[in-house]
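Listed in order, the protein sequences are those of chains A and G. Mapping the first sequence onto the UniProt record's numbering, position 154 (from 1) lands on 154, and the numbers just tick up by one. Mapping the second sequence onto the UniProt record's numbering, position 148 (from 1) lands on 148, and the numbers just tick up by one.
Number of protein chains: 2
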Amino acid sequence: MNTQTPSGKPARGGGRAARRSARATALPDHLRPIRPGMEGGTYKPLSDEQVLRIHHAALDALETIGLADAPQSGVEYLTAAGCTLGEDGRIRFPRALVEDTLAMANRSVTLYSRDGKTDLDLSGNKVHYGTAGAAVSIVDVHGREYRDSTVQDLHDAARICDHLDNIHFVQRPMVCRDILDNREMDLNTIYAACSGTFKHVGTSFTDPSYVAPAVEMLHMIAGGEDKWRERPFVSNSNCFVVPPMKFATESCEVMEECIKAGMPVLLLSAGMAGATAPSTIAGAIVQAVAECLAGLVYVNAVKPGAPAIVGTWPFGLDLRTGAMTVGSGEQALLTAGCAQMHAFYDLPGGAAAGAADSKLPDMQAGWEQMCSAVMAGLSGLNMVYEAAGMHASLLGFCLESLILSDDLLGQAMRCVRGIEVSDETLALDQIADVCLNGPGHYLGTEQTLGRMQQDFVYPSLGDRTSPKEWVEIGKPDLIQKAIAKKEQILSQRAPARFDAELDMALRQAFNIHLPS
Amino acid sequence: MNTQTPSGKPARGGGRAARRSARATALPDHLRPIRPGMEGGTYKPLSDEQVLRIHHAALDALETIGLADAPQSGVEYLTAAGCTLGEDGRIRFPRALVEDTLAMANRSVTLYSRDGKTDLDLSGNKVHYGTAGAAVSIVDVHGREYRDSTVQDLHDAARICDHLDNIHFVQRPMVCRDILDNREMDLNTIYAACSGTFKHVGTSFTDPSYVAPAVEMLHMIAGGEDKWRERPFVSNSNCFVVPPMKFATESCEVMEECIKAGMPVLLLSAGMAGATAPSTIAGAIVQAVAECLAGLVYVNAVKPGAPAIVGTWPFGLDLRTGAMTVGSGEQALLTAGCAQMHAFYDLPGGAAAGAADSKLPDMQAGWEQMCSAVMAGLSGLNMVYEAAGMHASLLGFCLESLILSDDLLGQAMRCVRGIEVSDETLALDQIADVCLNGPGHYLGTEQTLGRMQQDFVYPSLGDRTSPKEWVEIGKPDLIQKAIAKKEQILSQRAPARFDAELDMALRQAFNIHLPS
Chain A
1 MNTQTPSGKP ARGGGRAARR SARATALPDH LRPIRPGMEG GTYKPLSDEQ
51 VLRIHHAALD ALETIGLADA PQSGVEYLTA AGCTLGEDGR IRFPRALVED
101 TLAMANRSVT LYSRDGKTDL DLSGNKVHYG TAGAAVSIVD VHGREYRDST
151 VQDLHDAARI CDHLDNIHFV QRPMVCRDIL DNREMDLNTI YAACSGTFKH
201 VGTSFTDPSY VAPAVEMLHM IAGGEDKWRE RPFVSNSNCF VVPPMKFATE
251 SCEVMEECIK AGMPVLLLSA GMAGATAPST IAGAIVQAVA ECLAGLVYVN
301 AVKPGAPAIV GTWPFGLDLR TGAMTVGSGE QALLTAGCAQ MHAFYDLPGG
351 AAAGAADSKL PDMQAGWEQM CSAVMAGLSG LNMVYEAAGM HASLLGFCLE
401 SLILSDDLLG QAMRCVRGIE VSDETLALDQ IADVCLNGPG HYLGTEQTLG
451 RMQQDFVYPS LGDRTSPKEW VEIGKPDLIQ KAIAKKEQIL SQRAPARFDA
501 ELDMALRQAF NIHLPS
Chain G
1 MNTQTPSGKP ARGGGRAARR SARATALPDH LRPIRPGMEG GTYKPLSDEQ
51 VLRIHHAALD ALETIGLADA PQSGVEYLTA AGCTLGEDGR IRFPRALVED
101 TLAMANRSVT LYSRDGKTDL DLSGNKVHYG TAGAAVSIVD VHGREYRDST
151 VQDLHDAARI CDHLDNIHFV QRPMVCRDIL DNREMDLNTI YAACSGTFKH
201 VGTSFTDPSY VAPAVEMLHM IAGGEDKWRE RPFVSNSNCF VVPPMKFATE
251 SCEVMEECIK AGMPVLLLSA GMAGATAPST IAGAIVQAVA ECLAGLVYVN
301 AVKPGAPAIV GTWPFGLDLR TGAMTVGSGE QALLTAGCAQ MHAFYDLPGG
351 AAAGAADSKL PDMQAGWEQM CSAVMAGLSG LNMVYEAAGM HASLLGFCLE
401 SLILSDDLLG QAMRCVRGIE VSDETLALDQ IADVCLNGPG HYLGTEQTLG
451 RMQQDFVYPS LGDRTSPKEW VEIGKPDLIQ KAIAKKEQIL SQRAPARFDA
501 ELDMALRQAF NIHLPS
């Protein structure tokens, strides 16, 4: 039995108070009901045979269709590795080359945090949820309005994520639209995120020439190039393809620079099913897998074993209007199917889930976000990107929604944890004891009290009061609670994620837009 | 290729209008993207070995612990079937008897609709969503208030369900609190539901003596006892146990009456994990399975092969407060685990999913409802009860939420439908054609247009506009849209689910509270 929990039964009548008090004691990490990196994989939308068919179709596509528009450097890397360059300018990938790459690719990728407390191990079916995206607006829930997102919004988002247990990484979710120069935007994106959180940060460079100064900044933050290379705490999201089946020339050049700088890369293929990818779920997955395997060959041609995440991110489309939809059931299936392909390859994988089409954090947003978020987790997706705060089919980011997603994702993670079956949890002895010798109920049994903290996830802002209690406490509004929590987090003296000396050095070396 | 869809490509610039117009044409049923009874089962929270351990623990519990409090008639049925009555008054079930019952139980249960259009086939992993419960309040979203639910509310709910494609059955979700006499309440419950919908109706009798007059009413509605017995369109929800491991004496007597009257019965075991069932998910499932198998032996002792649904409905508990919680991740796992046990037995099964703890249809309600609803569907639960409109941990029913659940459950059903893999859906030829010969995108390809109605589920009230369009249409509010739809449905001249002659006869024979 667990000795961390209150021993003995509470006095009659004092049960509720005793349970509340027991609950208030924080559990050590290893006893918490949910943790980053729990193993999913109980949900398998594809049969083993279907997985193989998708795999073979992707290999066929790479061999016979190939990818256009590789940069000159990429052509050289890829042909040296064994690809062919056709007269039509397309790079084609022999099956054996892809299979060799699959055999030797890096399977033990860790995405590091800055303080070592929230490192992400991307092996197996370990699941992590976090932000991502390139929203252009921030959602003002007070005024029900969308306005341009700024570097301050990004920094605020990073600070909020730093406070939320169920946000495991902070990939840039929105664009700093108040910084017009792209180079300054890229540098300030890293500054705004890393100064707000110790968690792993993701960014995305707009130009290969911006990588060098950014890496200089990262070396300063890390305390030297050696420390950076030992534990790179920022990864780069590379939209290295323009689906269908074309390399994104500049993004490939960015990718080469990142690999050389020791930065993990996300091979992001973001086709839209029905527009830039086939409209069928299976077809969109085939194309995404083919594109990402091409990227994997590319990465390993630049540097064998370089850390890369297979980013098959097909998105849904509303074919009535041609608009993107990320909150749909089709989206949830696209992502879960991709997760199963990552598991088949036993490679670190990521995709998008947990985003809403709804403009505001309303009931629609709740069901849209949970649908794909929980299915992604159950399917064992290593990196669930865009999993918090994302609205309007990725166009808007909402800080209140981000805060509420901590409850939503905590619940999804409880589902990922699943059902433990052991002699103790089967509880046959307990059932016999309660029915034959005991009080006829399980309230206050040692087993019940012993598990109330370890087994159960309690919402932070979600409301579970009875209608009567709810009236007594003034019918609290979910969004108002999220606003209050946001203000509470942002009004605190920011934890010094950069110490004063480092901050001064960075501000001297770079044009930092955030006020100090 | 599907010839039902628009042939040829739309003229340049007219694509969106053409697609919208194509969409407006309703599809014949067999081409619709989702249908009642789609097969789930891709999500398996338990391994095969874990399923067996639960099964054996349940058999052990039945053999060694047994159930107390059977009515005298039940003792006679059960001991005649091979059970033993202990000196402690508990009925114990030899393994061989349970196994024999499992072998001969009715596996081809159909829950009939009145018009034959929405019959529910409960074989395999076929999934159906519907209402259920015994809420005591109706949620007024306008005034953010809970008030006593009435027979008019129940009738309105039935009429609304009749309009919603993704609500497949109408089990009574709330109690008619304006009818104080229980007999009249039971009779009026059937009247209010059946006069509002042709879909299969579920009810729950409070006393065995009320079954006979209710069956008289059902014979009248059916047009004679033979017609009723041929297609019984009302089933009875029997809370036949008081967990842990006690028969509910009166409810068992109700059950016997229902079986004799040819009414399908739901064997409902509603333990609360941590109070009336073990706090562990596995333990709560063991107990629920044991109780329902006891019920199954009972049903088959009364009448071999009588139609029964295995209703393992364990509920979650918030152990901090001792209050019930149905919106949690633990709840979703309880229900999905039970569904897997039903599939193991290959028996018709039902459980609760899709209910919220939240008091109002807000973001929390959305994520809570989707979490368990989609997991129940993916696990292949035949009857997903309480799947629409349910708030405040089953205490409140909300008509606006019911309407919104049509979108929510449609999305869940799209996920249940899953990913089709075939040469056509793998789309390799299409990818080659688009990349090597075509326009470089899939918009407007024959394959895309041919599938835009068959493959995709479009929300009815859910919003997918861009932020710009959303502003242009006045920032529509989801709840206001649901209110408007409710008013539109209820303001229509009610479809005559009873013809005038039948209605008059019923009103002469029974004290009907609803105004005619």
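Where a beta carbon is used, it is the ideal one built from N, C-alpha and C, also for glycine.
The beta carbon of ASP115 of chain G is closer than 7 Å to those of PHE198 in its chain, skipping five residues each way along the sequence. In this structure, the beta-carbon distance from ASN106 of chain A to ALA308 of chain A falls below 8 Å.
Where SER235 of chain A is concerned, there is no enclosing alpha helix (DSSP H), although the beta strand (DSSP E) around it starts and stops at 234-238. Just measuring C-alpha positions, the residue of G:PHE315, G:SER379, G:VAL434 sitting nearest PHE344 of chain G is G:SER379. Only buried fits GLY271 of chain A, as 16 or more other CB atoms lie within 10 angstroms of its CB. Shown here, ILE91 of chain A sits in a strand according to DSSP, grouped into three states.
For the pair PHE240 of chain G and SER251 of chain G, the Cα-to-Cα distance works out to about 5 Å.
The segment 420-432 of chain A makes contact with the segment 276-285 of chain G; the number of CB pairs closer than 8 Å reaches 3 or more. GLN369 of chain G carries a helical assignment under DSSP once its states are collapsed to helix, strand and coil. If you check each beta-carbon in the segment 379-401 of chain A against every beta-carbon of chain G, the ones closer than 8 Å belong to ALA392, SER393, LEU395, GLY396, SER401. Beta-bridge analysis with DSSP links ALA308 of chain G to G:VAL265. The DSSP assignment places complete beta strand (DSSP E) segments of no fewer than 3 residues inside the segment 198-258 of chain G at 200-203, 234-238, in order along the chain. Residue-level contact by beta carbon holds for MET452 of chain A and chain G, with a gap shorter than 8 Å. For LYS44 of chain A, there is no enclosing alpha helix (DSSP H), since its DSSP letter is neither H nor E. For GLY440 of chain A, the nearest beta carbon of chain G is closer than 8 Å to its own beta carbon. Nearest CB-CB separation between PRO244 of chain A and chain G: below the 8 Å threshold. Less than 8 Å divides the Cβ of MET255 of chain A from the Cβ of VAL265 of chain A.
Across the segment 301-328 of chain G, CB contacts with chain A closer than 7 Å involve ASP318, LEU319, ARG320, THR321, GLY322, ALA323, THR325, SER328, in sequence order along the chain. Assignment of MET452 of chain G by DSSP, reduced to helix, strand and coil, places it in the coil class. The beta carbon of ALA323 of chain G sits closer than 8 Å to those of LEU317, SER393, all from its chain and outside the five residues before and after it, given in chain order. Here GLU39 of chain A carries a strand assignment [DSSP, helix/strand/coil].
If you check each beta-carbon in the segment 172-200 of chain G against every beta-carbon of chain A, none falls closer than 9 Å.
Proximity to ASN300 of chain G across G:LEU506, G:ARG507, G:GLU99, G:ILE34 peaks at G:GLU99, based on C-alpha coordinates. DSSP places ASP463 of chain A in the coil class of the three-state scheme, outside both helix and strand.
Not one beta carbon of chain G lies nearer than 8 Å to the beta carbon of CYS252 of chain A. Shown here for VAL51 of chain G: same chain residues with a beta carbon closer than 8 Å to its own, the five before and five after excluded, namely GLN340, MET341, PHE344 in chain order.
In the three-state reduction of the DSSP assignment, ASP503 of chain G falls in the helix class. Counting C-beta pairs with one atom in each stretch, the segment 59-67 of chain A and the segment 76-95 of chain A have three or more that are closer than 8 Å, which means they touch. DSSP, reduced to helix, strand and coil, places ASP429 of chain A within a helical segment of the structure shown. Taking each of G:SER47, G:ALA336, G:LEU402, G:PRO495 in turn and checking the Cα distance to ILE483 of chain G, the smallest one comes out for G:LEU402. Per DSSP, ASP69 of chain G is not a residue of any beta strand (DSSP E), being assigned neither H nor E.
Proximity of chain G to VAL457 of chain A at the Cβ level (cut-off 9 Å) is accounted for by SER328, GLY329, GLU330, in chain order. With its beta carbon less than 8 Å from one in chain G, TYR43 of chain A belongs to the interface.
Taken in chain order, the members of the segment 135-148 of chain A whose beta-carbon sits within less than 8 Å of a beta-carbon on chain G are SER137, ARG144, TYR146.
CYS161 of chain A has a beta carbon lying at 8 Å or more from every beta carbon in chain G. In the three-state reduction of the DSSP assignment, ILE138 of chain G falls in the strand class, which pools E and B.
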